[in-house]
Structure formats: C-alpha cells, structure tokens
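Numbering follows my numbering, with no gaps: position 134 of the sequence shown is 167.
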Amino acid sequence: MPLTPHEALIYLMVITSASDRDMTDVELARIGDVVRSWPVFVDFNQDRLVAVAQACQKALNAEDGLEGVLELVEGALPERLRDTAYAAAFEVAAVDLEMRMEEVRVLQLIRLKLDLDTLTVAAIARAAKARLRTLT
C-alpha cells in the first residue's frame, strides 16, 4: 500500500533514528517536535504518529528492509518535498549533537534516493547544526 507524503516524511525520520539500532528519547522527542511544529504537518493527525512509526519498523523488518522503505518513500514524495524530507531526517540525526556512522550512511542513502544535490544537502546540514548549537 502506498504511503502518504506525511507518512513518507515520518518514515525517513524513523529510519534515521533506528539506523544505529538505538532510538534515543531525544531522537523520538525530536520526531514529535517536527510533526507538531513544521508547517508541512499542519494537516496531519498527530494521533497517528506512533502507528506510522510502528508501520515503518515493521517495513524495515520485512524482506526488502531499508531499500524497500526507501522505495516506498521515493514513490510517495513529490519533488517539491524532497529537500524537506531530507531536512526532517537530518534533524533527527543531528539532535543529539553527535552523528554516528550509521546515521551518516542512512542520510547518504536518503540523499541518493531523493536525488538531492550537494549544495542543498550542505545547506540543510549547516542550518540544522546552527539551530542546534548551544553556548556551552
């Protein structure tokens, strides 16, 4: 069954968080924050967030795993939301201020699947890092 664009965005955040096999509370909270505060989710029923995340986990455990999830996402996202999708995934990876190799690899796979150019990816990364920086 095809995903909605909202589900595709959530799937990317979930696979980024799950990439290192450790979905931290900080990452899960950030997914919730993104869904609650980003304009792209204004018409998403937030009560569905947990069910969508669980469906993503189930899809990750299916035979085609991560590649299958990325195919579903690619088919569900209109071109104009691809940078938004990458930005959402990057938010989750960067929120704990340390990016593990597994997260970097998943972000790279997302970037390739969504056919994002290097400058767009660099701008998203820079903006997220600037937003998350602290004084100490």
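Where a beta carbon is used, it is the ideal one built from N, C-alpha and C, also for glycine.
For D116, the enclosing alpha helix (DSSP H) starts and ends at 115-127. Look at V75 here: in three-state DSSP terms it is coil, with no helix or strand label. Out of A161, L147, V67, L152, the CA that lies nearest to the CA of P111 is found in L147. Around the Cβ of R115, a 10 Å sphere holds 16 or more other Cβ atoms; the residue is buried.
A95 sits in coil when the DSSP states are folded into three classes, being neither helix nor strand. Nearest to E135 by alpha-carbon distance, out of A158, F74, Q90, T49, is T49. The three-state reading of DSSP puts L45 in helix, counting H, G and I together.
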